[in-house]
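Chemist: Numbering (this note's numbering), first residue to last: 14 to 284.
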Amino acid sequence: MSDTPTKAADSSVTYSQYLALDELLAAQKPRSDRHDELLFVIIHQTKELWLKQIIAEVKLAKSLIRAGDVEPAYKALARVSRIQTIMTLSWDVLATMTPADYLSFRGELGTSSGFQSHQFRELEYLLGLKDGAFLSFHAERPEILAELKDALAAPSLYDDALAQLPRHGLALPPEVLERDLSQPYVPSAAVEDAWLAVYRNTAKYWELYQLAEKLVDLDDALLTWRHKHVLTVERIIGRKRGTGGTEGVGYLQKTLERRCFPELWSLRTRL
Ligand code: HEM
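(1) Based on Cα-Cα distance, which residue from Asp232, Leu139 and Arg248 lies nearest to Lys75?
(2) Within the segment 169 to 201, note down every full alpha helix (DSSP H) run reaching 4 residues or more, in order along the chain.
(3) Whose C-alpha, out of Arg281, Gly182, Phe53 and Leu228, is nearest the C-alpha of Arg44?
(4) Can you tell me whether Gly263 is buried or exposed, with buried defined as 16 or more other CB within 10 angstroms of its CB?
(5) From this set, Lys72, Arg180, Lys267 and Asp232, which residue's C-alpha is nearest Val211's C-alpha?
(6) May I ask whether a heavy atom of ligand 1 can be found less than 6 Å away from the beta carbon of Val54?
(7) Given 6 Å as the limit, tell me if Gly255 has its C-beta closer than that to any heavy atom belonging to ligand 1.
(8) Exposed or buried, what is Lys267 when buried is set at 16 or more other beta-carbons lying within 10 Å of its beta-carbon?
(9) Mind checking Leu142: buried by the 16 CB within 10 Å criterion, or exposed?
(10) Given a cut-off of 7 Å, decide if Leu77 and Ala91 are closer than it, judged by their beta-carbon atoms.
(11) What do you reckon, is the C-beta of Leu107 under 6 Å from a heavy atom of ligand 1?
(12) Taking DSSP as the reference, what is the three-state secondary structure of His48?
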């Protein structure tokens, strides 16, 4: 913090208090004496901090879009994309850890896995990737489970964006607008037609067009992050099974098929 101090400023607030640095810097607890484990912990912790910020931005963007304030939401969505860029770059830092370095402490992780990151799953639900099967990983933590259930049942960012289409004269059928929101989203021909109209007449639908491209930025960046995860995992553990119990690289490769905003991709073929 480099703000010039003013007379009115409270001198009892220090840098370390304001940032809770004692707690923050005491929160890295490697379980082995291996040098690389600290990096492994810090990479995961920074990812959780960035996820916290991303979730706050997505929630802000959702409420703005729902209120019809689409343009102010662009700022929050642009910030998410920039954070995603940093998260993707951090794979290169992790990749300085060799397979031997990782194997020397991997046993300490037990069955813990990024798979159990509740913030990652909440983000997926907020964006519209609804899969209730992941709830079971949080059965032991009732507060977290309740938050995830709320996010699963609530309209996603995509639902909020879709609700804007009829406001601009682009009707959507009830099976889209009134569906069970806790179920995985099924791509719809009517939604694709509506977005196609937006992309064919960008001048008329400029606000929606900008929103759609911001959403594609997010989806693109999430897939890029996932792709680097798969590559880094293969580079470090090859085809070994994951600590969370999946087949490993094979599972992660399947996650590359997840699209938050499917019609915004499929419409491009028809343009
Ligand atoms: C040596 C490094 C890493 C390895 C070998 C690894 C491996 C894996 C594997 C195999 C899975 C699938 C679930 C399982 O069976 O465990 C997984 C899931 C996951 N990992 Fe990693 N990972 C590594 C580092 C990271 C890092 C640094 C992050 C975040 C910064 C991360 C975040 C995640 C997330 C969010 C999932 C869930 C993905 C989904 O279900 O779509 N992982 N990881």
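Backbone N, C-alpha and C fix where the C-beta goes; we use that ideal spot for every residue, glycine too. On a predicted model such as this, the values are computed, not experimentally measured, just so you know.
Modeler: Based on what the coordinates show:
(1) Residue 75 sits at position 62 when you count from the first residue of the sequence shown. Among Asp232, Leu139 and Arg248, the Cα nearest to that of Lys75 is on Leu139.
(2) Every alpha helix (DSSP H) stretch that sits fully inside the segment 169 to 201 and reaches 4 residues is listed by chain position as 170 to 180 and 187 to 190.
(3) Taking the first residue of the sequence shown as position 1, residue 44 is located at position 31. Out of Arg281, Gly182, Phe53 and Leu228, Phe53 has the C-alpha closest to the C-alpha of Arg44.
(4) If you number the sequence shown from 1, residue 263 lands on position 250. Exposed, since its Cβ has fewer than 16 Cβ neighbours within 10 Å.
(5) As a first step, residue 211 is located in the sequence shown; it is residue number 198 there, counting from the start. Ranking the options by Cα distance to Val211, first place goes to Arg180.
(6) By 1-based counting over the sequence shown, the position of residue 54 is 41. Val54: no, Cβ never under 6 Å from ligand 1.
(7) On the sequence shown, residue 255 is found 242 positions in, with the first residue counted as 1. Yes, the Cβ of Gly255 comes within 6 Å of a heavy atom of ligand 1.
(8) As a position in the sequence shown, residue 267 is number 254, starting the count at 1. Counting Cβ neighbours within 10 Å, Lys267 comes out exposed, since fewer than 16 surround it.
(9) For the purposes of this step, residue 142 is taken as the residue at position 129 of the sequence shown. Buried is the call here.
(10) By 1-based counting over the sequence shown, the position of residue 91 is 78. By 1-based counting over the sequence shown, the position of residue 77 is 64. No, they are not a contact pair.
(11) Counting from 1 along the sequence shown, the entry for residue 107 is found at position 94. Inclusion of Leu107 in the 6 Å shell around ligand 1 follows from its C-beta lying nearer than that to a non-hydrogen atom of the ligand.
(12) Taking the sequence shown and counting its residues from 1, one reaches residue 48 at position 35. Reduced to three states, the DSSP call for His48 is coil.
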